[in-house]
Amino acid sequence: MHREQILRTMRSHLQDLSARYGLVRLGIFGSAARDQMTDTSDIDVIVEMPPDLFQLIGLKQELEELLDRPVDIVRYRDQMNRFLKERIDREAIYV
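All residue numbers for the sequence shown refer to this note's numbering, where the first residue is 11 and numbers rise by one.
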């Protein structure tokens, strides 16, 4: 799956996902954002949403079904690993 396919799929479901999970922003970073995914790559997803573990798990499962690929989700927040935050700020592509 290429970056544009991932973004297109996420965009087409953004309204429903936002309503269901309270998303403020949704995007990708890492190899998916750089369009360097391999057959074994997961998709690194960045979200801004309220801190609710059950909602985060539900979103992860739904994105994995939609994208047919394992997904790692990071919730963007003020208090997070500085190096990860800088990487996300540099690489993230939001839908």
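Virtual Cβ for every residue (Gly too), placed ideally from N, Cα, C.
Bear in mind the structure is a predicted one, so any value in this text is a computation, not a measurement.
{"Asked": "Proximity winner among 85, 66, 73, 91, relative to residue 53 (alpha-carbon distances)", "Found": "73"}
{"Asked": "Check whether residue 37 and residue 104 have beta carbons under 7 Å apart", "Found": "yes"}
{"Asked": "Neighbour-count burial assignment, residue 34, 16 or more Cβ in a 10 Å radius", "Found": "exposed"}
{"Asked": "Entirely enclosed beta strand (DSSP E) segments - the segment 13 to 53, minimum 3 residues", "Found": "35 to 39"}
{"Asked": "Residue 31 vs residue 59 beta-carbon contact at 7 Å", "Found": "yes"}
{"Asked": "Pair within 7 Å by beta-carbon distance, residue 55 and residue 81", "Found": "yes"}
{"Asked": "DSSP state of residue 82 mapped onto helix, strand, coil", "Found": "strand"}
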